[in-house]
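Visitor: One structure coming up, written as structure tokens, with questions to follow.
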Amino acid sequence: MVFTSAFDVKNPTVQLNETEQKISQLLKDFSNDYNSQNDGEKLELRITGGWVRDKLLGDESNDLDIAINKLTGEEFGENLRQFLIDNFDTYQISPKNVHKIDKNPAKSKHLETATTKLYGLDVDFVNLRSEEYTEDSRIPIIKYGTPQEDALRRDATLNALFYNIQKDQVEDLTERGLEDLRDGVLRTPLKPLKTFLDDPLRVLRLIRFASRFGFSIEEETFNAMKEESIKAALIHKISRERVGVEIEKTLQGKNPVYGLELINELKLMRSIFNFGPFEDVICGGNDKSQVDSIFGEVEKQASNSIAVVKNFQSETKLDSVFNNVIQDKELKMLFWLSIILRPWRNTKVHVKKPIFATEIIIKEGVKLSKLDADVVTKLVSTSEEYQSVVNQLPGFKRSTIGVLLKQYGENLNLSIMFNFFDELIKTNDTESTISKYESFYHVILKENLQDSYKLKPIVDGKTLIKKLNTKPGPWMSKITEEIMVWQLDNPEKSQEDCISFVASILEQQK
7 MVFTSAFDVK NPTVQLNETE QKISQLLKDF SNDYNSQNDG EKLELRITGG
57 WVRDKLLGDE SNDLDIAINK LTGEEFGENL RQFLIDNFDT YQISPKNVHK
107 IDKNPAKSKH LETATTKLYG LDVDFVNLRS EEYTEDSRIP IIKYGTPQED
157 ALRRDATLNA LFYNIQKDQV EDLTERGLED LRDGVLRTPL KPLKTFLDDP
207 LRVLRLIRFA SRFGFSIEEE TFNAMKEESI KAALIHKISR ERVGVEIEKT
257 LQGKNPVYGL ELINELKLMR SIFNFGPFED VICGGNDKSQ VDSIFGEVEK
307 QASNSIAVVK NFQSETKLDS VFNNVIQDKE LKMLFWLSII LRPWRNTKVH
357 VKKPIFATEI IIKEGVKLSK LDADVVTKLV STSEEYQSVV NQLPGFKRST
407 IGVLLKQYGE NLNLSIMFNF FDELIKTNDT ESTISKYESF YHVILKENLQ
457 DSYKLKPIVD GKTLIKKLNT KPGPWMSKIT EEIMVWQLDN PEKSQEDCIS
507 FVASILEQQK
């Protein structure tokens, strides 16, 4: 059980910072002004979701979503704009900052929203709502709802807490959210299986929150996440873009190891790291048994890598390298993607042409960038070459190491960390692996090869043509490669030395 915060469940309080106090007072004044001029149901404003959770945990949050119990987003925006015009001297906020966002179900904006910037913070206003799902779509039928209906539609009880601005009061309308937040437990407000079938993305959101906060997942909720129907729904009912957003946040978050542990324990690897829209084409046009076998290897690889990385506690001369990767969100994500997808290292699949499987999984399966796909594909596809150099280090020239590292660009640290742990996972020999990679890193620094990717030919093509009195042609491309190798092996030599070197090559080719 994780005890996350010392707030009083029976009398929870939220400490507003100076900016939040200003926003709260402005919205109270606006609501009071509106209610004094209009009959019927009183306008009530509630801050919803992550902000309430984070504030109770003692964290700051810039994510201000405010639910309104009456008026459309457009009507609310118009009234707020007029209030700001009438009271500009008091609040000093331009009414031009208030905008309406139209309904757009494809982007999960099912009701129009008013958005504004108040005292430097972006604030969204949306109606309280209820949701009704169909069997084959994640996009629900949205209706205006009550505060309780709005709370019950959310992914977890601890994300369903409200802060009533007029009352300065935390509201727990699921009646479990405060206890679950105190205890560090993720639980769905309604029956979990239906909750996840309605919107399977909630499975990935709960995994993300668990890894971010170190929370556990309640048993019934966890068991529902294992259901085969959920795995299928994640593949067929959710856009790969939405899957990618959650996975990116998880792998870039505080504890990606825990997130991956949950994904693997729930047997969700294939539901996430698949070929996206090309799944049927690839499985139909390639050896399906081989594809299935490698997906199985990915699960084993994830399990082994998680165990090795979690248990690795040795102090090494590589700590600065590892910290560089771990402390950079993007590099940390690329490391874990590379480790998990390593079983695909030598595999190309046929779509229109042969292409590395890792490239399709990253670009189409989780919809990350082409750059991300290129980095991961390069790391996993060259791992055997890389580790061969490390394991036979004394026998290699400076140029061999320089040419090897050049292909990873500025991702030297990532290449070292990935190959270090990849080898450690395979051999389980901590002492030997540390020794080899410390020696490798020492050579890189000693030979000043850490920036080898920046190396340019010491002599350009025009100079060669002029000095050697020759004509341009296909020979120049090959010569450029040889110049780079020569430069790496002869860092102290001059431009004239290089020209003499090229002249000797051309003489031999006559």
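Heads up: the sequence shown is residues 7 to 516, going by this note's numbering.
No residue lacks a Cβ here, since even glycine has one placed at the ideal position from N, Cα and C.
Since we're looking at a predicted model, the values are computed, not measured.
1) Are the Cβ atoms of Leu164 and Arg52 separated by less than 8 Å?
2) Considering just the uninterrupted stretch of the alpha helix (DSSP H) at Arg248, what are its terminal residues?
3) Excluding the 5 residues preceding and the 5 following Phe94 in the sequence, name in chain order all residues of the same chain whose CB lies nearer than 6 Å to its CB.
4) Jot down the residue ranges of each uninterrupted alpha helix (DSSP H) in the stretch 194 to 273, minimum 4 residues, whole runs only, in chain order.
5) Per DSSP, which residues does Lys375 bridge with? Please list them.
6) Less than 7 Å between C-beta atoms, sequence neighbours within five positions excluded: which residues of the same chain meet that for Glu429?
7) Would you list the one or two residues that DSSP bridges to Pro360?
8) Between the Cα of Pro262 and the Cα atoms of Asp325, Trp342, Ile241, which residue gives the shortest distance?
9) Note down, one range per segment and in chain order, each beta strand (DSSP E) of at least 3 residues found wholly within the stretch 44 to 103.
10) What residue range is occupied by the uninterrupted beta strand (DSSP E) comprising Ile120?
11) Give the straight-line distance between the Cα atoms of Ile6 and Ala308, rounded to the nearest whole angstrom.
12) Determine which residues share a DSSP beta bridge with Lys149 and list them.
13) Counting only the same chain and skipping the five closest in sequence on each side, list residues whose C-beta sits under 6 Å from that of Phe9.
14) Tell me the rounded alpha-carbon separation between Glu81 and Ile91.
15) With distance defined between alpha-carbon atoms, name the residue in Thr19, Tyr40, Trp492 nearest to Lys403.
16) Can you check which of these residues, Lys432, Glu437, Lys452, Glu502, is closest to Asp466 by C-alpha distance?
17) Which residue's Cα is closest to the Cα of Lys354: Phe221, Leu192, Ile288, Glu84?
18) I need the straight-line Cα distance from Thr476 to Leu470, nearest angstrom please.
19) Between which two residues does the beta strand (DSSP E) containing Asn475 stretch?
20) Is the separation between the beta-carbon of Leu337 and that of Thr364 shorter than 8 Å?
21) Would you say the stretch 203 to 213 touches the stretch 261 to 278, given that touching needs at least three Cβ pairs under 8 Å?
22) What does the Cβ neighbour count give for Ile147, buried or exposed, with the cut at 16 atoms within 10 Å?
23) Could you spell out the range, first to last residue, of the alpha helix (DSSP H) harbouring Glu370?
24) Check whether the Cβ of Lys354 lies closer than 8 Å to any Cβ atom in chain B.
25) Would Val386 and Ser421 be called neighbours here (beta carbons separated by less than 8 Å)?
26) Would the beta-carbon of Lys442 fall within 8 Å of that of Asn397?
27) Would you mind reading off the limits of the beta strand (DSSP E) that contains Asn23?
28) Have a look at Glu197 and Ile244 and give me their C-alpha separation to the nearest angstrom.
29) Among Leu455, Pro400, Glu226, which has the Cα closest to the Cα of Leu490?
30) Quick check on the DSSP output: the beta strand (DSSP E) that includes Asn170 runs from which residue to which?
31) Counting only the same chain and skipping the five closest in sequence on each side, list residues whose C-beta sits under 7 Å from that of Arg276.
32) Where in the stretch 387 to 433 do unbroken runs of the alpha helix (DSSP H), each at least 4 residues long, occur, reported from the N-terminal end onward?
33) Give me, in chain order, the residues of the same chain whose beta-carbon lies closer than 8 Å to that of Tyr447; leave out the 5 immediate sequence neighbours on both sides.
34) What distance in whole Å lies between the Cβ atoms of Ile223 and Ile253, which are believed to be in contact at a cut-off of 8 Å?
35) Looking only at its chain, what residues have a beta carbon closer than 7 Å to the beta carbon of Asn110, apart from the 5 residues adjacent to it on each side?
36) Determine the extent of the beta strand (DSSP E) in which Val176 is found, giving its start and end residues.
Guide: The answer reads as follows:
1) no
2) 246 to 257
3) none
4) 198 to 204, 207 to 219, 225 to 231, 234 to 242, 246 to 257, 262 to 271
5) Rather than Lys, the amino acid found at residue 375 in this sequence is Ser. Looking at the DSSP assignment, Ser375 forms no beta bridge with any residue, so it has no partner.
6) Gln393, Thr439
7) His356
8) Trp342
9) 51 to 54, 70 to 74
10) According to the sequence as given, residue 120 is Ala; it is not Ile. It spans 119 to 124 - the beta strand (DSSP E) in which Ala120 sits, taken as one unbroken run.
11) Summary: the structure shown does not reach residue 6, with the chain confined to residues 7 through 516, and so no result is reported for it.
12) Ser136
13) Note on Phe9: pLDDT 46, under 50, position unreliable in the model; the coordinate value appears next. Nothing meets the Cβ criterion.
14) 16 Å
15) Trp492
16) Glu502
17) Ile288
18) 8 Å
19) Where Asn475 is concerned, there is no enclosing beta strand (DSSP E), given that its DSSP letter is neither H nor E.
20) no
21) yes
22) exposed
23) Unbroken run through Glu370: none, as it is neither H nor E.
24) Checking the listed chains, one finds no chain B in this structure; it contains a single protein chain.
25) no
26) yes
27) No beta strand (DSSP E) holds Asn23; DSSP gives it neither H nor E.
28) Position check: residue 197 holds Lys in this sequence, whereas Glu was assumed. Answer to the nearest angstrom: the Cα atoms are 20 Å apart.
29) The identity of residue 490 in the sequence shown is Met, whereas the question assumes Leu. Minimum Cα distance to Met490 is reached at Leu455.
30) 168 to 170
31) Phe301
32) 389 to 397, 404 to 412, 418 to 433
33) Lys323, Leu324, Val327, Ile422
34) In fact, because the Cβ distance is near 17 Å, the residues do not count as touching under 8 Å.
35) Any answer about Asn110 is weak, because its pLDDT of 42 lies below 50 and its placement is not dependable; what the coordinates show is given next. Counting only Cβ-Cβ distances below 7 Å, and skipping sequence neighbours, we find nothing.
36) 175 to 177
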